[in-house]
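A.B. asks: Take this structure first; my questions come after.
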Amino acid sequence: MQVSELMIEGVNLMLLGMGSVFLFLSILVLALSGVARLSNRFATDDDRDSSRPPTATPRAATESEEIIAVITAAISRYRQR
Amino acid sequence: MQVSELMIEGVNLMLLGMGSVFLFLSILVLALSGVARLSNRFATDDDRDSSRPPTATPRAATESEEIIAVITAAISRYRQR
Amino acid sequence: MQVSELMIEGVNLMLLGMGSVFLFLSILVLALSGVARLSNRFATDDDRDSSRPPTATPRAATESEEIIAVITAAISRYRQR
Amino acid sequence: MGSADALWQSMGIANMAWGQLFMMLVGCLLIYLAVAKKFEPLLLLPIGFGAILSNIPVAGIAESGGMLYYIYKVGIETGVFPLLIFMGVGALTDFGALIAMPSTLFLGAAAQFGIFATLIGALALNLVPGFDFSLADASAIAIIGGADGPTAIFLASRLSPDLLGAIAVAAYSYMALVPIIQPPIMRLLTTEQERKIVMSQLRPVSRLEKILFPFTVLILCILFLPSAAPLIGMLMFGNLLKEAGVVERLSRAAQNEIINIVTIFLGLAVGSKLSADTFLTLETLGILALGAIAFCIGTATGVLMGKVMCRLTKGKVNPLIGAAGVSAVPMAARVVNKVGLESNHHNFLLMHAMGPNVAGVIGSAVAAGVLLAVVGG
Amino acid sequence: MGSADALWQSMGIANMAWGQLFMMLVGCLLIYLAVAKKFEPLLLLPIGFGAILSNIPVAGIAESGGMLYYIYKVGIETGVFPLLIFMGVGALTDFGALIAMPSTLFLGAAAQFGIFATLIGALALNLVPGFDFSLADASAIAIIGGADGPTAIFLASRLSPDLLGAIAVAAYSYMALVPIIQPPIMRLLTTEQERKIVMSQLRPVSRLEKILFPFTVLILCILFLPSAAPLIGMLMFGNLLKEAGVVERLSRAAQNEIINIVTIFLGLAVGSKLSADTFLTLETLGILALGAIAFCIGTATGVLMGKVMCRLTKGKVNPLIGAAGVSAVPMAARVVNKVGLESNHHNFLLMHAMGPNVAGVIGSAVAAGVLLAVVGG
Amino acid sequence: MGSADALWQSMGIANMAWGQLFMMLVGCLLIYLAVAKKFEPLLLLPIGFGAILSNIPVAGIAESGGMLYYIYKVGIETGVFPLLIFMGVGALTDFGALIAMPSTLFLGAAAQFGIFATLIGALALNLVPGFDFSLADASAIAIIGGADGPTAIFLASRLSPDLLGAIAVAAYSYMALVPIIQPPIMRLLTTEQERKIVMSQLRPVSRLEKILFPFTVLILCILFLPSAAPLIGMLMFGNLLKEAGVVERLSRAAQNEIINIVTIFLGLAVGSKLSADTFLTLETLGILALGAIAFCIGTATGVLMGKVMCRLTKGKVNPLIGAAGVSAVPMAARVVNKVGLESNHHNFLLMHAMGPNVAGVIGSAVAAGVLLAVVGG
Ligand code: NA
Ligand code: NA
Ligand code: NA
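Below you can see the structure in the form of structure tokens.
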């Protein structure tokens, strides 16, 4: 294929590509807005409260429980002195 | 193969299968009882004491050591006030 | 191949092998000494201080921060009594 | 504008078949059950997503050259993935309750009747026009009654790969439904008096016994049922890693890294078998129906055997724990505990139910071995 | 002394070609950039080491039978490794900022102009004697402008495997150079007044929206661009694992074990494509030049679209955040934040820049899908 | 009752060969040594279990289509598993002691004499009727003297796959026996006076030196012995991941996930080579005997070189540390420390012994490279 033909194909592809990207993402904007409205209607209070930190893993929980237990023990031992 | 033949094969397989499962697990019951008697004879005091928690991993150990060190430091600093 | 021939090949290989190992590691001794001299010239103060413990992983950092936070809280609560 | 045309030709809306659309909805349903209803989410979420991905038109993700094709080929066709999961299950399972009370193995055995009754049921379905299950198909379907995911996937991949998707989905779905399926059957078959039985505390188990346990099981498997050796071997290998106490690194790898990674891939690969042409058939409906029956029968025979043991021990065994014999670890044991608490608020049957529960895992591996030996040979 | 001769014949100094030596130095340069300059070290260090290993004479580590050959074959030729990385990226990414402000998707779209401008540039280079890029080559090169490593590797492995090494190196190098490339362009195209714009705080996003997000994106992908489905599918699968909240084990596996392990192998395998005969060509120079242009153009069009949105919203959008649309997550968003702080010391744009930043990931996956559909078909 | 017959035909007791039974007992012995005696449990436990699994009659777990067959094929025949282990070893090893005192490399070199003496020994065994070791076989056996598991497995998989099982078992068993084998030899060859020598503290090593170390070793390997490049390359890659300080994620993956997962699979796959027909031969007895000799000679030449260095430095080097040159990291260094403490209760030689210890790893990789270049070519 000649360079000029290739270039024409390239320009075609550019138009098509940028068009597709914009079209796709525009539809996505619409879809996300729709989803937002939809989920606001269904959202419970619990759901909306997304500012809370992500749920700790069970292991982490156990660890901090251990820590608290250790501290409690340390402090009570300290108090007995 | 006709359905009736298949069914006969199926019933055969059922009898054989349930028989095998029961036979296998029955022998396992015997074997486990034997192993229990055997290992009770050989068991040292240390072995028998399986109520202790599973051995902590080295890493966990290090962590709790760290915690204790941190606490000790915190408390001693607090005492100095 | 006859055993005697094999043995001769083996002895050859032994000489060649031990020679190669010693030669290779001798060159490595020289190279490492060179690198040591070179890097001492370029080393910054920060680099030389390799006695510090390896950088803690972010996670570990977070954990000990948590621990400290928990301890601080525990102690302050204890003081309020 | 040849390229615009090529783009249009490649669009999903231009190529979507109804079957694909329906299967994607099935995938969404599985994900919904996993996320909203917490139905075995570790498996059903990846399976559901795999179903969606593999039914996307044009993309061919589950076809030769696609990612899910490779994963299925490498992990399921070889049988490696379910065996690795089994290794992880072994490394995660404490067989102590079973070792302390080996007689609970009979409960685990009785509950496997669900498997073989379903086998007959599957063959009988051939009388209905439209069904055509071979003995291998029927065996693969029957294993749903084992209530054990990796065993079901392993057997189906060996005996009836086309039905693998439906079988895996049925197995995991009904395992998630155990808290709904089992209690009515348990209540129906036992008296209030029986449900109130308090069992004596389990004896402590020495470390030596725990280390010898995997060998005991494996030796019997080698002697009498080598066709179950891959399953039981890997289960016991995992358990040995856990109990040996000297290979902590490997035990952790089996319990975490390996089982987690393999679960993701196994789920996606099973999902890739949920294609319209193999799933949207009358047979799938049959499989779903048979699976439900299998769970019910397994629960019933487990409880009935519990009643027999109750008689023989003069009331020392609470028949409820028989229901845990279907495996579905640890869900079924929890259900037993819950139903037991309804009759006696201070009666915690959980530890006693763990015995038949893990016995059920071994029991269905044994049943799978029999089916493989006779049908798969 | 036949064996001594054999040993000499097998020595590197007796077999070293200049090209191999040069490529090993390129590998060392990449490692230097990774270690000393912290240029995308997670990728460039393994790539650099892979380049060294694969150019060792006689050893044949990247040739049939060698380790890197197998890793490339299994992980890159099949496309599996970049897709697994994408799954991990999805599991690590919080799309909350994008969901809160979907209009930032336009910024992510505009920045993809860097891709298509580079496509034209690559084809135009054919006018220079010595260059001979096919449409597939040009497309694979163009994707460097997507500023997204796994997308670039996936597309190059599909369209132009010979150029994969150079393309991956260019993509990751320029991603590391984002803090140097972008600021001048951003300052050139915006006024001090615009850079000072403070954006209103993002609204909170509910858990339900976060769970529905992956489905929304995937559905559109299925309907309109199934050729992007492997990339977008795995990205959204990873994100669903993260957001579902019921598969913590799998989410952690995707975010840690899988992505770490695959990154090591992906890097080594990409490095194995840095052999003298495919890398030491005029084409590589062209690719490096085009890559730089791609980043510049993408940044510029992103910022310009930011200015348009600023106008349309009557000054509610700070045009700087458009630069984050090239993706290069999270580097580009941090650069936006930094440039913004220079003009207004209390204006933290990081969260607002995360919207176009993750939009850029989706945008370049979409662009890759178009290129695959039209060129790869 | 055809199916009952099929079931009987499939039983282990109906098909067990004496050789299989014996090999399973060998597997049990290895597991016993691993669990009760803590003999290299990370490797010997999976190897032992792999031996049991692969010798189960009928099941065919190590035959074409079985799980262990696939794992062997993918991981060992390609050489990938031992190389990944080597990467992990590199990421776990601190070469600081060696960098601080490069002269300890001579100790690591001298101890490799165990390898080449064993080579002669293996060839001489051909004079005994029943032995027929080729040069390749003898080389693979000799590498046991390197006291380095992954190197032994890598070389055996290249030169003599049939002997791989016996070689790996011998290598790991004798590594575990180092605390028993080495002390008498060390005491025999040194005077009380020598064992009391206190060595001066090692100089601190800068981060730059630690980063340059992998490159120094790799460059020499490239120039003079590219056949060792896969081994030394991966060892140094792992070490660079550790020392670079910018790829913490990858370093952790190499040190934990990858090495743990691969160790499980490597062990099982090596165990799958313990089949009766390749293991129950006179040759295995020869290999076991030669392995013991190899360790003894390696220890002796290491200590003797230590004495030479003691003379040359006028008593600044404690000759005991030469024994650590066989590698067997970190066991041999600990043995040195213990024997040293017996003579002087305040003399901790551990850090000084780590130098020759890690030098021994490089030394045996170099020796493996020579054997590969000359014999494997
Ligand atoms: Na079961
Ligand atoms: Na992008
Ligand atoms: Na060695």
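Residue numbers (the numbering used here), protein chains in the order written: chain A, 1 to 81; chain B, 1001 to 1081; chain C, 2001 to 2081; chain D, 3001 to 3377; chain E, 4001 to 4377; chain F, 5001 to 5377. We put the beta carbon where it would ideally sit given N, CA and C, even for glycine.
Run down chain C in chain order and give the residues with a C-beta less than 7 Å from the C-beta of Ala5109(F).
C.D. replies: Here residue 5109(F) refers to the residue found at position 109 when the sixth sequence is read from its first residue. At a C-beta separation below 7 Å, Ala5109(F) has these neighbours in chain C: Val2021, Phe2022, Leu2025.
A.B. asks: Below 8 Å, can you find three or more Cβ-Cβ pairs linking the stretch 4254 to 4274 of chain E to the stretch 3058 to 3068 of chain D?
C.D. replies: Taking a cut-off of 8 Å on C-beta distances, the stretch 4254 to 4274 of chain E does not touch the stretch 3058 to 3068 of chain D, as fewer than three cross pairs fall below it.
A.B. asks: List the residues of chain F whose Cβ lies closer than 8 Å to the Cβ of Ile3258(D), in chain order.
C.D. replies: On the fourth sequence, residue 3258(D) is found 258 positions in, with the first residue counted as 1. Going along chain F in sequence order, the residues near Ile3258(D) (Cβ under 8 Å) are Ile5261, Ile5264.
A.B. asks: With 7 Å as the C-beta to C-beta threshold (strictly closer), list the residues of the stretch 4074 to 4091 of chain E near chain D in chain order.
C.D. replies: Thr4078, Gly4079, Val4080, Leu4083
A.B. asks: With 16 as the cutoff for other CB atoms within 10 Å, does Thr3284(D) come out buried or exposed?
C.D. replies: If you number the fourth sequence from 1, residue 3284(D) lands on position 284. With 16 or more other Cβ atoms within 10 Å, it is buried.
A.B. asks: Does any CB atom of chain E fall closer than 7 Å to the CB of Leu33(A)?
C.D. replies: In the first sequence, counting from the first residue as 1, residue 33(A) sits at position 33. Note that residue 33(A) corresponds to Ser in the displayed sequence, not to Leu. It does; some Cβ of chain E falls within 7 Å.
A.B. asks: Any heavy atom of ligand 2 within a distance shorter than 6 Å of the CB on Gly4146(E)?
C.D. replies: Counting from one through the fifth sequence, the residue named residue 4146(E) turns up at place 146. Gly4146(E): yes, Cβ under 6 Å from ligand 2.
A.B. asks: Using a 10 Å radius around the Cβ and a threshold of 16 neighbouring Cβ atoms, would you call Ser1004(B) buried or exposed?
C.D. replies: Taking the second sequence and counting its residues from 1, the one referred to as residue 1004(B) is at position 4. Burial state of Ser1004(B) is exposed, judged by a 10 Å Cβ sphere holding fewer than 16 other Cβ atoms.
A.B. asks: Exposed or buried, what is Thr4104(E) when buried is set at 16 or more other beta-carbons lying within 10 Å of its beta-carbon?
C.D. replies: Mapped onto the fifth sequence, residue 4104(E) falls at position 104. Buried, because 16 or more other Cβ atoms sit within 10 Å of the Cβ of Thr4104(E).
A.B. asks: Below 8 Å CB to CB, which residues in the same chain sit around Leu5084(F) once its five sequence neighbours on both sides are set aside?
C.D. replies: As a position in the sixth sequence, residue 5084(F) is number 84, starting the count at 1. The answer, listed in chain order, is Met5234, Ile5258, Ile5259, Val5262.
A.B. asks: Could you check if Leu3372(D) is buried or exposed, using at least 16 other CB atoms within 10 Å of its CB as the buried criterion?
C.D. replies: Here the question's residue 3372(D) lines up with position 372 in the fourth sequence. Looking at its Cβ environment, which holds 16 or more other Cβ atoms inside 10 Å, Leu3372(D) is buried.
A.B. asks: For a test of your reading of the model: does the CB of Ser3327(D) fall under 6 Å from any non-hydrogen atom of ligand 1? Yes or no.
C.D. replies: As a first step, residue 3327(D) is located in the fourth sequence; it is residue number 327 there, counting from the start. Result yes, Cβ under 6 Å from ligand 1.
A.B. asks: If contacts are defined as beta-carbon pairs under 8 Å, then Leu3044(D) and Leu3033(D) qualify, I think. What distance do you get, rounded to the angstrom?
C.D. replies: In the fourth sequence, counting from the first residue as 1, residue 3044(D) sits at position 44. In the fourth sequence, counting from the first residue as 1, residue 3033(D) sits at position 33. Contact flag correct, Cβ pair sits at about 6 Å.
A.B. asks: By alpha-carbon positions, which one of Gly3145(D), Glu3192(D), Ala3365(D) ends up nearest to Cys3221(D)?
C.D. replies: As a position in the fourth sequence, residue 3221(D) is number 221, starting the count at 1. Ranking the options by Cα distance to Cys3221(D), first place goes to Ala3365(D).
A.B. asks: Which residues mark the beginning and the end of the alpha helix (DSSP H) in which Lys5338(F) is found?
C.D. replies: Here residue 5338(F) refers to the residue found at position 338 when the sixth sequence is read from its first residue. Lys5338(F) -> alpha helix (DSSP H) spans 5331 to 5343.
A.B. asks: List, in order along the chain, the chain B residues whose C-beta lies closer than 7 Å to that of Glu3209(D)?
C.D. replies: Walking along the fourth sequence from the start, residue 3209(D) turns up at place 209. Result: Val1035, Ala1036, Ser1039.
A.B. asks: Which one of Ile5099(F), Phe5081(F), Ser5064(F) has the shortest CA to CA distance from Arg2037(C)?
C.D. replies: Counting from 1 along the third sequence, the entry for residue 2037(C) is found at position 37. Comparing Cα positions, the closest option is Ile5099(F).
A.B. asks: Pairing CB atoms from the stretch 3013 to 3030 of chain D with CB atoms from the stretch 4180 to 4192 of chain E, are three or more of them under 8 Å?
C.D. replies: no
A.B. asks: Restricting to Cα atoms, I'd like to know which of Val4336(E), Val4317(E), Ala4368(E), Cys4296(E) is closest to Ala4111(E).
C.D. replies: Residue mapping note: residue 4111(E) aligns to position 111 of the fifth sequence, counting from 1. The residue with the shortest Cα to Cα distance from Ala4111(E) is Cys4296(E).
A.B. asks: If we define contact as Cβ-Cβ less than 7 Å, is Val3317(D) a contact residue for chain E?
C.D. replies: Looking up residue 3317(D) in the fourth sequence gives position 317. False, the Cβ-Cβ gap to chain E never drops below 7 Å.
A.B. asks: Starting from the Cα of Pro3214(D), find the closest Cα among Val3074(D), Ala3062(D), Thr3093(D) and give me that residue.
C.D. replies: Position 214 of the fourth sequence, counted from the first residue, corresponds to residue 3214(D). Among Val3074(D), Ala3062(D), Thr3093(D), the Cα nearest to that of Pro3214(D) belongs to Thr3093(D).
A.B. asks: Is it right to say Ser1033(B) is buried, meaning 16 or more other beta carbons lie within 10 angstroms of its own, or is it exposed?
C.D. replies: In the second sequence, residue 1033(B) corresponds to position 33, counting from 1. Label assigned to Ser1033(B): exposed.
A.B. asks: Using the three-state DSSP reduction, which class does His5346(F) fall into: helix, strand or coil?
C.D. replies: Locating residue 5346(F) in the sixth sequence gives position 346, counting from the first residue. Reduced to three states, the DSSP call for His5346(F) is coil.
A.B. asks: Let me confirm a value: Asn4318(E) is counted as buried when at least 16 other C-beta atoms fall within 10 Å, else exposed. Which label applies?
C.D. replies: Residue numbering aside, residue 4318(E) sits at position 318 when the fifth sequence is read from its first letter. Asn4318(E) is buried by the Cβ-count criterion.
A.B. asks: Can you tell me whether Gly4381(E) sits near ligand 2, meaning its C-beta is under 6 Å from at least one heavy atom of the ligand?
C.D. replies: Chain E is shown from 4001 up to 4377; residue 4381(E) falls before or after that span and cannot be answered.
A.B. asks: Give a yes or no on whether the C-beta atoms belonging to Gly5108(F) and Gly5298(F) are separated by under 7 Å.
C.D. replies: As a first step, residue 5108(F) must be located in the sixth sequence, where it is residue number 108. As a first step, residue 5298(F) must be located in the sixth sequence, where it is residue number 298. Annotated as distal: Gly5108(F) and Gly5298(F), with beta-carbon spacing of 7 Å or more.
A.B. asks: Can at least three beta-carbon pairs, one atom from the stretch 5147 to 5160 of chain F and one from the stretch 5116 to 5132 of chain F, be found at a separation below 8 Å?
C.D. replies: no
A.B. asks: Looking only at C-alpha atoms, which of Val3026(D), Leu3349(D), Val3205(D) sits nearest to Leu3320(D)?
C.D. replies: The sequence position of residue 3320(D) within the fourth sequence is 320, counting from 1. It is Leu3349(D) whose Cα lies nearest to the Cα of Leu3320(D).
A.B. asks: CB-CB under 6 Å to Gly3048(D), same chain, minus the five flanking residues each way: which ones, in chain order?
C.D. replies: On the fourth sequence, residue 3048(D) is found 48 positions in, with the first residue counted as 1. Answer for Gly3048(D): Gly3027, Leu3030, Ile3031, listed in chain order.
A.B. asks: In the DSSP assignment, find the alpha helix (DSSP H) that holds Pro4102(E) and state where it starts and stops.
C.D. replies: Here the question's residue 4102(E) lines up with position 102 in the fifth sequence. Here Pro4102(E) belongs to no alpha helix (DSSP H), and DSSP marks it neither H nor E.
A.B. asks: At what residues does the alpha helix (DSSP H) containing Phe5215(F) begin and finish?
C.D. replies: The count along the sixth sequence starts at 1 and reaches residue 5215(F) at position 215. Note, Phe5215(F): alpha helix (DSSP H), 5207 to 5224.
A.B. asks: Please report the residue range of the alpha helix (DSSP H) in which Ser4251(E) lies.
C.D. replies: For the purposes of this step, residue 4251(E) is taken as residue 251 along the fifth sequence, with counting starting at 1. Note, Ser4251(E): alpha helix (DSSP H), 4248 to 4253.
A.B. asks: Using the beta-carbon count (16 or more within 10 Å), is Ile3144(D) buried or exposed?
C.D. replies: In the fourth sequence, counting from the first residue as 1, residue 3144(D) sits at position 144. Ile3144(D) should be labelled buried.
A.B. asks: Please name the residues in the stretch 5001 to 5026 of chain F whose beta-carbon is closer than 7 Å to at least one beta-carbon of chain D, in chain order.
C.D. replies: Ser5003, Ala5006, Leu5007, Ser5010, Met5011, Gly5012, Ile5013
A.B. asks: Please report how far the alpha carbon of Asn4239(E) lies from the alpha carbon of Val4089(E), in whole angstroms.
C.D. replies: Looking up residue 4239(E) in the fifth sequence gives position 239. Looking up residue 4089(E) in the fifth sequence gives position 89. Those two C-alpha atoms are separated by around 8 Å.
A.B. asks: Can you tell me whether Asp4148(E) is helix, strand or coil according to DSSP?
C.D. replies: By one-based count along the fifth sequence, residue 4148(E) stands at place 148. Under the three-state reduction of DSSP, Asp4148(E) is assigned to coil, being neither helix nor strand.
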